[in-house]
Amino acid sequence: LNLFNQKTARAIFNTVNRGARQAEGGSAIDLHGVDLFKGYDYNALIAATPDARGTRGALDPLFGKEDLFNTGFQGRFGVKFIF
């Protein structure tokens, strides 16, 4: 299936904090009271989460790594002899 041993990724994991991937209350940022029109410091909001102060951390370890790899391709070759 993988004739040339290709490990080509189709995407790069782009989620910085754990709370964005799944509904994890300790890592999700809180935007209550933040005026989105004035801008905000995303890293400061992540650092203010309860998980950021714990041993687990709020940053996702998969951030920036390759994700969604191509599957192998298949092909058939047939030969038919007619006598």
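Heads up: the sequence shown runs through residues 2 to 84, numbered per this note's numbering.
All C-beta atoms, glycine included, are put in the ideal place defined by N, C-alpha and C.
Just how far apart, CA to CA, sit residue i and residue j?
{"i": "Gly65", "j": "Tyr41", "result": "22 Å"}
{"i": "Phe70", "j": "Phe14", "result": "12 Å"}
{"i": "Leu46", "j": "Thr9", "result": "34 Å"}
{"i": "Glu67", "j": "Tyr43", "result": "23 Å"}
{"i": "Leu60", "j": "Asp31", "result": "15 Å"}
{"i": "Val17", "j": "Thr72", "result": "26 Å"}
{"i": "Ala29", "j": "Ala49", "result": "10 Å"}
{"i": "Arg11", "j": "Asp36", "result": "35 Å"}
{"i": "Ile83", "j": "Gln75", "result": "26 Å"}
{"i": "His33", "j": "Gly58", "result": "21 Å"}
Could you give the C-beta distance for residue i and residue j, rounded to a whole number, given that I count them as a contact under 8 Å?
{"i": "Arg19", "j": "Asp52", "result": "7 Å"}
Would you kindly report the start and end of the unbroken beta strand (DSSP E) that includes residue i?
{"i": "Leu69", "result": "67–70"}
{"i": "Ile13", "result": "10–13"}
Grab the span of the alpha helix (DSSP H) containing residue i for me, first residue to last.
{"i": "Ile47", "result": "43–48"}
Is residue i near the ligand GDP, in the sense that its beta carbon is under 7 Å from a heavy atom of that ligand?
{"i": "Gly65", "result": "Of ligands this structure carries none, so the ligand GDP is not represented either."}
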